[in-house]
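Those protein sequence lines, which keep their order, are chains A and B.
Going by my numbering, the first sequence opens with residue 7, and the numbers climb by one from there.
Going by my numbering, the second sequence opens with residue 9, and the numbers climb by one from there.
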Amino acid sequence: MNIDKKIADDLVANDISFVTTVPCKQLAGVIEEIDQRDDIYHIPSNKEDEGMGLCAGAWMGGKRPAIIMQNTAIGVTFNTLATLIQYYRMPLPMLISYRGELREPVACQVEMAIHTKALLAQMNIPTYHFHWQKDVEELDNILKYTFMCNKPVAILTDANFWGGYGDQ
Amino acid sequence: MIRSEILKEIAPILRDQLVVCNIGIPSQELHAIDDQPTNFYMLGTMGLASSIGLGLALAQPKPVIVIDGDGSILTNMGTLPTIANNVADNYILMIIDNGSYGSTGDQPTYAGLKTSLAKVAEACGCENVIECRDVDTGEVLQKALESGKMHVIVVKCDSGNAKNPVITMDPVVIRDRFMKAVQA
């Protein structure tokens, strides 16, 4: 199974046509796949809260959005999640690379990984953790759930899910 | 002129357009001057008016005017390269540059000192960047709308705020009526 293609297929199948990304090495393949899709407008952001603003506007304009980002940036998004996405009740799938988990080679990444789930729980953000490749089968249901309840929903995807961190 | 005087003057131009308005006193002033379902008031999230407006402009064809401030642009400076590289010709970013953080007690911003936001926008690759005097705002905005081209307008004006009540409308109501106005 090509995970990158499967994720992009699920986004398109759920009518998601506006995707903003801040890169992570683990996400490089899926970002490239999304960039090549004609039915998705891919808009790279310089910072994750900026990306959430773009997504909020796109959704109010009639397009279903998604953000792809790294868990180390979760801290810069809390005000935006609380006062924009949650306060105005907007849906936002957050596909997050879960750095600092099993098979992580960079020790510093663990420092945010140990806080990630607790912070998301504190924000009452529904959170799913993809550890095995087959976990991606749940993505379609998670996307439908997100646009059913109009909430931000986090999908944490660790190095094991992506088949290891790569050549480092 | 201070911001509220500019908003009063351009209210007839804004009335029929989709407007995304910056957090705090700017939204309170616009709400008091001419509340419209086509206005999206930000109640929190400093810095993101320009990003919300860009997402909205890219997602649908109606013109979008963002009323932003110099302090908010400085907070989210990364917005300018994103705007420059994702051209939406239905997007007008109007930065009311009064050189101060108006909603927090008029502390000076760097835009009122050495930093030129118009030059920053140009350096980021934005086209149609216009710096204008407060008294010319209406004319510049009208021309920008008629041109059908993306614009960044930096309005140099005086620091100061009108006294208005806070917006008590529920955020979901603001958002819902705005989305209905977008679709209308």
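Built from N, CA and C at the ideal position, the CB exists for glycine as well.
These numbers come from a predicted model, not from an experiment.
Can you find a CB in chain B that lies within less than 7 Å of the CB of residue i?
i               : result
G68 of chain A  : yes
R105 of chain A : no
I22 of chain A  : no
I49 of chain A  : yes
R95 of chain A  : yes
N52 of chain A  : yes
I91 of chain A  : no
E38 of chain A  : no
L60 of chain A  : yes
T86 of chain A  : yes
G63 of chain A  : yes
E56 of chain A  : yes
Assuming residue i and residue j form a contact by the criterion Cβ under 8 Å, report the distance between their Cβ atoms to the nearest whole angstrom.
i               : j               : result
G63 of chain B  : A62 of chain A  : 6 Å
I9 of chain A   : Q139 of chain A : 6 Å
P29 of chain A  : I37 of chain A  : 6 Å
A72 of chain A  : V25 of chain A  : 5 Å
A19 of chain B  : D42 of chain B  : 4 Å
T122 of chain A : Y104 of chain A : 7 Å
L51 of chain B  : T89 of chain A  : 7 Å
V128 of chain B : L88 of chain B  : 6 Å
N84 of chain B  : I49 of chain A  : Actually they are not in contact, since the Cβ atoms of N84 of chain B and I49 of chain A sit about 15 Å apart, beyond 8 Å.
For residue i, decide whether its Cβ has a neighbour in chain A, counting only Cβ atoms nearer than 7 Å.
i               : result
S59 of chain B  : yes
M177 of chain B : no
G112 of chain B : Before going further, note that residue 112 of chain B is Thr rather than Gly in the sequence given. So no, T112 of chain B is outside the interface.
Q68 of chain B  : yes
M187 of chain B : yes
R23 of chain B  : no
T53 of chain B  : yes
G63 of chain B  : yes
L101 of chain B : no
P141 of chain B : With the sequence shown as reference, residue 141 of chain B is identified as Arg, and Pro is not the correct amino acid for it. Output row for R141 of chain B: interface = no.
V27 of chain B  : no
L56 of chain B  : yes
Is the beta carbon of residue i sitting closer than 7 Å to the one on residue j?
i               : j               : result
Q68 of chain B  : G35 of chain A  : no
T187 of chain B : M100 of chain A : According to the sequence as given, residue 187 of chain B is Met; it is not Thr. Cβ atoms of M187 of chain B and M100 of chain A: not closer than 7 Å.
A96 of chain B  : A65 of chain B  : yes
L22 of chain B  : C29 of chain B  : no
T117 of chain B : L82 of chain B  : yes
L27 of chain B  : I73 of chain B  : Before going on, a small fix: residue 27 of chain B reads as Val here, not Leu. Going by C-beta atoms, V27 of chain B is nearer than 7 Å to I73 of chain B.
A92 of chain B  : C132 of chain B : yes
D164 of chain A : E107 of chain A : yes
I75 of chain B  : V163 of chain B : no
I102 of chain A : N77 of chain A  : yes
S59 of chain B  : G81 of chain A  : no
Please name the residue, chosen from the options, that lies closest to residue i on a Cα-to-Cα basis.
i               : options                          : result
L101 of chain B : B:C132, B:L82, B:D142 and B:H159 : B:H159
K177 of chain B : B:D42, B:Y49 and B:V27           : Reading off the sequence, residue 177 of chain B comes out as Met, not Lys. It is B:Y49 whose Cα lies nearest to the Cα of M177 of chain B.
N85 of chain A  : A:N166, A:D55 and A:Y47          : A:D55
G77 of chain B  : B:T46, B:P34, B:I138 and B:I175  : B:P34
V159 of chain A : A:F167, A:M75, A:S51 and A:Y134  : A:Y134
C134 of chain B : B:L125, B:I60 and B:C140         : B:L125
K53 of chain A  : B:G86, B:V128 and B:N98          : B:G86
E110 of chain A : A:L98, A:G170, A:M129 and A:Q76  : A:G170
A127 of chain A : A:F167, A:M58, A:I161 and A:N147 : A:I161
L56 of chain B  : B:G79, B:P71 and B:N172          : B:G79
Y99 of chain B  : B:I175, B:V137 and B:T53         : B:V137
Should residue i be flagged as near chain D, meaning a C-beta pair shorter than 7 Å?
i              : result
G86 of chain B : Absence of chain D from the displayed structure is noted, the protein chains being A and B.
- Message: Any contact between the segment 93 to 106 of chain A and the segment 172 to 183 of chain B? By contact I mean 3 or more CB pairs, one from each, below 8 Å.
- Response: yes
Do the segment 155 to 170 of chain B and the segment 96 to 114 of chain B meet, that is, are 3 or more Cβ pairs less than 8 Å apart?
yes
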